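My numbering applies: residue -14 is where the sequence shown begins, and numbers increase by one. In this text, a Cβ means the ideal position worked out from N, Cα and C, and glycines have one as well. No experiment lies behind these values; they were computed from the predicted model shown. Below is one structure, written out as structure tokens, with a few remarks after it.
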Amino acid sequence: MDPVSVIRKKRDGEVLSRKEINFFIDGIGNGTLPDYQAAAFLMATYIRGMNADETRWLTEAMLNSGEVVDLSGVKGFTCDKHSTGGVGDKITMIIAPMAAALGLKVPMYSGKGLGHTGGTIDKLDAITGFRTTLDTDAFVRSLNDIGIANSMQTETIAPADKRLYALRDVTATVDSIPLITGSIMSKKLACGADGLVLDVKFGNGAFMKTEKEARELASWLISMAPIRNIRVSALIDNMDDPLGYMVGNALEMMEVIEVLKGKPVIDLVEISIAIVGEMLQLSGETGDVEKMAKEVLANGRALAKFREWVAYNEGDATIIDDFSRFPQATSRMEIALGQAGYVSKIHAKIIGEAAVYSGAGRLAKEDTLDYGAGIELHVRRGDWIEVGDSVATLYYSKSRRNPDEIAQLIRGAFQLSEKSVPPLKRIVSTIRQ
Ligand code: URA
-14 MDPVSVIRKK
-4 RDGEVLSRKE
6 INFFIDGIGN
16 GTLPDYQAAA
26 FLMATYIRGM
36 NADETRWLTE
46 AMLNSGEVVD
56 LSGVKGFTCD
66 KHSTGGVGDK
76 ITMIIAPMAA
86 ALGLKVPMYS
96 GKGLGHTGGT
106 IDKLDAITGF
116 RTTLDTDAFV
126 RSLNDIGIAN
136 SMQTETIAPA
146 DKRLYALRDV
156 TATVDSIPLI
166 TGSIMSKKLA
176 CGADGLVLDV
186 KFGNGAFMKT
196 EKEARELASW
206 LISMAPIRNI
216 RVSALIDNMD
226 DPLGYMVGNA
236 LEMMEVIEVL
246 KGKPVIDLVE
256 ISIAIVGEML
266 QLSGETGDVE
276 KMAKEVLANG
286 RALAKFREWV
296 AYNEGDATII
306 DDFSRFPQAT
316 SRMEIALGQA
326 GYVSKIHAKI
336 IGEAAVYSGA
346 GRLAKEDTLD
356 YGAGIELHVR
366 RGDWIEVGDS
376 VATLYYSKSR
386 RNPDEIAQLI
396 RGAFQLSEKS
406 VPPLKRIVST
416 IRQ
């Protein structure tokens, strides 16, 4: 077998065999195949697609290119959560302590943010001292000790994906269902959990632009569950507007803490309850899972678990009661619009980009972050605003662009209407295995 014949076969629209896919992905993972052949394979797959068998073999081969984390030493049901990425998406930090306070074990390997969507690791890094890299022993210990383990994804998990993902970014082959499925599920299956709840987002701030595409992707992702015999379900939700009010690392952590303290930020609370409910259901819980999730948020047990999580990881837990201990931006600017009306849309992707320019995100992998930078929204879809009302505050220190330009970008994210507008409906469906 040789790489050229595999590329040619896919280029010509033929179905690859399991052997051919294994051979090619092995070569990607162990570095024997060059980037130009990997790129050609990606483009051929992007254009010709893959059937269900090929997608499964691709996922298996990518999974087997690295280590599968052994969580057999963890007592209890381990349930992971994965979001396909959004703007202001801080749900992981809310659901992890909720689920752990309800007795689930929550193992999560996460990444840093790049582009307009933020990364969980960057948000946790906004807490001084918080340890975000755990080796496998420490990861298992953390799950047994406090019910949560979160670590930067290691180099040993699905290395073939690491190489392919970097190439997809620069070869216009990101938005392909088989490639996304292989990429997400190889990493998630490698993490060794018993269950997985997927938060598949659609809208202008997400990968998938329409609900139909998100549903299709969710079905493909779920169909990979038998590879490791895990239980998977997916929430489909709308990411046209940012999630919650805060976008930026320290700002988002403050909002997480406020929600855990009982602040009713409706979309964050609604999605968190739905995800924790799904996690409980996957674990075999037969009681009223929604009620259990609501209670653990309301009775302070999730907040107590968050406190324990921060302290266990040597983070500065005093931030929970004193937000001035978070990294702070040195400057702020209030942003108003020259019009009155009902807010009919807050374009998530634009707000995400503006947050990157403020210093909260990266334009290139090597960029350093300003943890205090970002955007606080003061309104959401459906709210009425008067001319001159501040709709957002921009926080910055050394921004990546002129702050006036960023402010202009933020103004452009708002759409107003003379007629009243209903709030954005976030969760549109749940897809179960
Ligand atoms: N996230 C991933 O990890 N991979 C993809 O292909 C898309 C989103």
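For the options 404, 418, 347, the alpha carbon positioned closest to that of residue 384 is the one of 347. For residue 168, the distance from the CB to the nearest heavy atom of ligand 1 is below 8 Å.
Cβ contact annotation for residue 396 (same chain, cutoff 7 Å, sequence separation greater than five): 320, 322, in chain order.
At a Cβ-Cβ threshold of 9 Å, residue 69 and residue 167 do not count as neighbours. In this structure, residue 253 keeps its C-beta atom at 9 Å or more from the C-beta atom of residue 261.
The beta-carbon separation of residue 183 and residue 206, rounded to 6 Å, stays under the 8 Å limit for a contact. CA-CA distance, residue 63 to residue 89, rounds to 6 Å.
Cβ contact annotation for residue 8 (same chain, cutoff 6 Å, sequence separation greater than five): -14, in chain order.
DSSP places residue 115 outside both helix and strand once states are collapsed to three, so it counts as coil. Three or more Cβ pairs drawn from the region 334 to 348 and the region 373 to 387 lie within less than 8 Å of each other, which places the two stretches in contact.
Using a cutoff of 8 Å, the CB of residue 182 does not count as near ligand 1, since none of the ligand's heavy atoms is closer than that. Between ligand 1 and residue 165, a heavy atom-to-CB distance of less than 8 Å is present. A contact is defined here as three or more CB-CB pairs under 8 Å, and the region 117 to 130 fails this definition with respect to the region 17 to 31.
Per the coordinates, the alpha-carbon of residue 175 lies some 16 Å from the alpha-carbon of residue 208. In this structure residue 128 does not touch residue 53 by the C-beta definition: roughly 16 Å separates them, more than the 8 Å allowed. Around the beta carbon of residue 223, 16 or more other beta carbons sit within 10 angstroms, so the residue counts as buried. Rounded to the nearest whole angstrom, the CA to CA distance from residue 405 to residue 203 is 33 Å. Short of 7 Å from the beta carbon of residue 153, and not among the five residues preceding or following it, lie these beta carbons of its own chain, in chain order: 27, 159, 164. Taking 8 Å as the upper bound for CB-CB distance, residue 233 and residue 377 are not in contact here, some 11 Å apart. When DSSP reads this structure, residue 63 sits in a beta bridge with 90. At the C-beta level, residue 34 and residue 145 stay beyond 9 Å of one another.
No residue range can be given for residue 366, since it is assigned to no beta strand (DSSP E) and is classified by DSSP as neither H nor E. Distance from the C-beta of residue 185 to the nearest heavy atom of ligand 1 is not below 8 Å. Note on geometry: alpha-carbon atoms of residue 401 and residue 296 lie some 44 Å from one another. Of the other Cβ atoms in all chains shown, fewer than 16 fall within 10 Å of the Cβ of residue 418; this residue is therefore exposed. 45 is the residue among 302, 45, 326, 318 whose C-alpha sits nearest the C-alpha of residue 142. Beta-bridge partners of residue 359 (DSSP): 380.
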